[in-house]
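K.L.:
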Amino acid sequence: MILNSSSPLVFFTKTSEETLEIGKTISQLLKPKDVVCLTGDLGAGKTTLVKGIAKGLIEINPEEITSPTFTYLHIYSGPVPLYHFDLYRLPSCNDFLESGFHEFFYQEGICCVEWPDKLPPLLFQKIAVHIDYLSSNERKISIRKEYAI
Ligand code: ADP
Ligand code: MG
Numbered sequence: 702m703i704l705n706s707s708s709p710l711v712f713f714t715k716t717s718e719e720t721l722e723i724g725k726t727i728s729q730l731l732k733p734k735d736v737v738c739l740t741g742d743l744g745a746g747k748t749t750l751v752k753g754i755a756k757g758l759i760e761i762n763p764e765e766i767t768s769p770t771f772t773y774l775h776i777y778s779g780p781v782p783l784y785h786f787d788l789y790r791l792p793s794c795n796d797f798l799e800s801g802f803h804e805f806f807y808q809e810g811i812c813c814v815e816w817p818d819k820l821p822p823l824l825f826q827k828i829a830v831h832i833d834y835l836s837s838n839e840r841k842i843s844i845r846k847e848y849a850i
């Protein structure tokens, strides 16, 4: 499986467990310093996918991963650390920069960012994951590499 910018990888899932498995699969394509930006409505399955990525990277129990809505950032330590951001409630991108959160993008870990539209424009490549809500249990997951603007 190859990630590139011209044609996205597309998966359809029918349960949250299947989305978790896709996360695990994606984790195998990631390397330190990668920034995964996850877009999609509330309830689309972004946190579920991050749980799968964490499971693949750290062999963590998915029960231990919750959306860091109130703290903006959760860190899961492992051979490759995972920095999981949820910026839904972040007032502005200035708050992000003032908190020094961008420093995590340059460390030897993998960043997963929910609600990345709160970020300033990225100067480096990212892995863009978009989840479409198709029905209560069906999701379309599209993954592509995007280069800096
Ligand atoms: P988000 O982080 O995008 O707001 P969550 O991952 O927190 O979304 O929640 C997704 C919700 O949708 C969970 O309650 C999950 O059980 C449910 N769900 C149902 N079907 C799926 C599916 N195919 N993939 C992901 N989540 C699903
Ligand atoms: Mg979430």
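Take the sequence shown: its position 134, counted from the start at 1, is 835 in the numbering used here, and no numbers get skipped.
Glycine included, C-beta positions come from ideal geometry on N, C-alpha and C.
Since the structure is predicted, the reported quantities are computational estimates derived from the model, not experimental observations.
Would you list the one or two residues that DSSP bridges to Thr-740?
P.N.:
The count along the sequence shown starts at 1 and reaches residue 740 at position 39. BP columns for Thr-740 point to His-831.
K.L.:
Verify whether the separation of the beta carbon atoms of Phe-713 and Glu-847 is less than 8 Å.
P.N.:
In the sequence shown, the residue the question calls residue 713 occupies position 12. In the sequence shown, the residue the question calls residue 847 occupies position 146. Not in contact: Phe-713 and Glu-847 (Cβ atoms no closer than 8 Å).
K.L.:
On a Cα-Cα basis, can you pick out the residue from Leu-774, Ile-723 and Pro-821 that is closest to Asn-795?
P.N.:
Numbered from 1 along the sequence shown, position 94 holds the residue referred to as residue 795. Comparing Cα positions, the closest option is Pro-821.
K.L.:
If you draw a straight line from the C-alpha of Met-702 to the C-alpha of Ile-723, how long is it?
P.N.:
Along the sequence shown, read from residue 1 onward, the residue named residue 702 stands at position 1. Along the sequence shown, read from residue 1 onward, the residue named residue 723 stands at position 22. Rounded to the nearest angstrom, the two C-alpha atoms are 12 Å apart.
K.L.:
Determine the contact status of Tyr-810 and Val-830, defining contact as a CB-CB distance below 8 Å.
P.N.:
The count along the sequence shown starts at 1 and reaches residue 810 at position 109. The count along the sequence shown starts at 1 and reaches residue 830 at position 129. Note on residue identity: the sequence assigns Gly, not Tyr, to residue 810. Not a contact, by the Cβ cut-off of 8 Å.
K.L.:
Where Leu-743 and Lys-752 are concerned, what is the direct C-alpha to C-alpha distance, given to the nearest angstrom?
P.N.:
Position 42 of the sequence shown, counted from the first residue, corresponds to residue 743. Position 51 of the sequence shown, counted from the first residue, corresponds to residue 752. If I take the Cα positions, the gap works out to 16 Å.
K.L.:
Just checking my contact of Phe-806 with Cys-813 at CB under 8 Å: how many whole Å lie between their CB atoms?
P.N.:
Taking the first residue of the sequence shown as position 1, residue 806 is located at position 105. Taking the first residue of the sequence shown as position 1, residue 813 is located at position 112. Not a contact, Cβ separation roughly 11 Å.
K.L.:
Please check the pair Lys-734 and Gly-757, which I expect to be a contact at CB under 8 Å, by giving their CB distance rounded to whole angstroms.
P.N.:
By one-based count along the sequence shown, residue 734 stands at place 33. By one-based count along the sequence shown, residue 757 stands at place 56. At roughly 17 Å, the Cβ-Cβ gap does not stay under 8 Å, so Lys-734 and Gly-757 are not in contact.
K.L.:
Answer with buried or exposed for Ile-776, where buried requires no fewer than 16 other C-beta atoms within 10 angstroms of its C-beta.
P.N.:
In the sequence shown, counting from the first residue as 1, residue 776 sits at position 75. By the 10 Å Cβ count, Ile-776 comes out exposed.
K.L.:
Excluding the 5 residues preceding and the 5 following Trp-816 in the sequence, name in chain order all residues of the same chain whose CB lies nearer than 6 Å to its CB.
P.N.:
Sequence index remark: in the sequence shown, residue 816 carries index 115 (1-based). If we look at Trp-816 and ignore the five residues flanking it on each side, its Cβ neighbours are Leu-788 and Tyr-789.
K.L.:
Give every residue of the same chain whose Cβ lies closer than 8 Å to the Cβ of Ile-754, excluding the five residues on either side of it in the sequence, and list them in chain order.
P.N.:
Position 53 of the sequence shown, counting from 1, holds the residue named residue 754. Here the set comprises Gly-724, Lys-725, Ile-727, Ser-728, Leu-731, Val-737, Leu-783, Ile-811 and Cys-813.
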